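Each step along the sequence shown adds one to the number in full-length UniProt numbering, with nothing skipped, and position 93 is 93.
The beta-carbon is built from N, C-alpha and C at its ideal position, and this holds for glycine as well.
Computed from a prediction, not measured in an experiment: that's the story for all the values here.
Worksheet for the structure shown next.
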Amino acid sequence: MGYADIVKKTKPTKESILEELSAEFERVKSELDLIYSTELKNVPFNMIETAEKNVFELLDNIATNLSDAVFKRSEVDVIQSIMPHRTEPVLHSDRLNLTGIPSAIVQYGERMAPLSIRTGRCPENGVWGNDRIHIAALSMLLEENSGETVELGFVEYAKEGKIRKVKVRPEDRRQVLKIRDRVDRIKDGNLPERKEGKICEHCNFTHFCINKSTLASKFF
1 MGYADIVKKT KPTKESILEE LSAEFERVKS ELDLIYSTEL KNVPFNMIET AEKNVFELLD
61 NIATNLSDAV FKRSEVDVIQ SIMPHRTEPV LHSDRLNLTG IPSAIVQYGE RMAPLSIRTG
121 RCPENGVWGN DRIHIAALSM LLEENSGETV ELGFVEYAKE GKIRKVKVRP EDRRQVLKIR
181 DRVDRIKDGN LPERKEGKIC EHCNFTHFCI NKSTLASKFF
């Protein structure tokens, strides 16, 4: 059960959401060894116990942020921005020469939009630059696959229960193509010029980093 299911199922108060999150946490905890039997086989019990405790301590803040989002944006808006229409679809475009897998595709109003679920810290405002570019790339792929214009996407910072809307700008799209071209040049053997800094003096791998300045490297 995801955050959208919990918001849809319960009252929009922090207390109600926290109660539902806690119940879901206990359910997931009881099924961990069934789902991840191979992965957890050699993991010490105290390590698992610590991880469970750390997750449990996040629930109060998650409930607060989800409740705040519902009151500020409406329950329907929150649910639409994170309720999966398709989960982890593989999106590919020959024209863009890109492949990507969003956490989900959501139906926001009458439009489809990519959702990216991140486990890192949420910024004070907006989204991190890398997350913005990621959403832009997924939006371009979704456009190629659906034939419809995709103007926005969503980033869910799961540890905090915060959902951020991302408006995809032309500059974001340009950055996606620029990064794609840089990767293609590296694949073709044209490495970017090595930039030396103070930390290079103490690096054990300096002798492997021998790329010299070339005309091609100036385009990176």
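Query                                                                                                                                                              : Result
Between Arg-173 and Met-140, how many whole angstroms is the CB-CB distance? I'm expecting something under 8 Å.                                                    : 6 Å
To the nearest angstrom, how far is it from the Cα of Ile-135 to the Cα of Glu-52?                                                                                 : 30 Å
Would you call Met-112 buried or exposed, if buried means 16 or more other Cβ atoms sit within 10 Å of its Cβ?                                                     : buried
Output needed for Lys-29: all residues of its chain with C-beta closer than 8 Å, excluding positions within five of it in sequence on either side, in chain order. : Glu-52
Have a look at the DSSP bridge pairing and note the partners of residue 222.                                                                                       : The chain is shown from 1 up to 220; residue 222 falls before or after that span and cannot be answered.
Which of the three DSSP states is assigned to Phe-220 in this structure?                                                                                           : Note that Phe-220 scores a pLDDT of 43, beneath 50, so its modelled location is shaky; the value from the coordinates is reported in the next line. Coil.
At what residues does the alpha helix (DSSP H) containing His-134 begin and finish?                                                                                : 129-146
Assign Cys-122 to buried or exposed, taking buried as 16 or more other Cβ atoms, counted over all protein chains shown, within 10 Å of its Cβ.                     : buried
Could you check where the alpha helix (DSSP H) with Val-55 kicks off and where it finishes?                                                                        : 45-56
Assign Thr-10 to buried or exposed, taking buried as 16 or more other Cβ atoms, counted over all protein chains shown, within 10 Å of its Cβ.                      : buried
Classify Ile-6: buried if its beta carbon has 16 or more other beta carbons within 10 angstroms, exposed otherwise.                                                : buried
Could you tell me how far apart the beta carbons of residue 289 and Arg-132 are, in whole angstroms, since I believe they sit closer than 8 Å?                     : In the structure as shown, the chain begins at 1 and stops at 220. Residue 289 is therefore absent and cannot be evaluated.
Contact between the stretch 59-77 and the stretch 10-20 is defined here as three or more beta-carbon pairs at a separation below 8 Å; is this criterion met?       : yes
To which residues of the same chain is Glu-75 closer than 8 Å at the C-beta, ignoring the five residues directly before and after it?                              : Val-7, Lys-8, Pro-12
Looking at Glu-148 and Leu-115, is the spacing between their C-beta atoms short of 8 Å?                                                                            : no
Applying the criterion that 16 or more other CB atoms from any shown protein chain within 10 Å of the CB defines a buried residue, is Tyr-36 buried or exposed?    : exposed
Sorted by chain position, which residues of the same chain lie with C-beta nearer than 7 Å to Thr-206's C-beta, five sequence neighbours on each side aside?       : Cys-200
Classify residue 275 as helix, strand or coil using the three-state DSSP reduction.                                                                                : Because the chain in this structure spans residues 1 to 220, residue 275 falls outside the shown range and cannot be described.
Can you list, in chain order, the residues of its chain whose CB lies under 6 Å from that of Thr-99, leaving out five sequence neighbours each side?               : His-92
Which partner residues of Arg-164 appear in the DSSP bridge assignment?                                                                                            : Val-155
What do you get for Phe-154, buried or exposed, if any count of 16 or more other CB atoms within 10 angstroms of its CB means buried?                              : buried
For Pro-84, does the three-state DSSP call read helix, strand or coil?                                                                                             : strand
Using the DSSP secondary-structure output, state which residues sit across from Thr-99 in a beta bridge.                                                           : His-92
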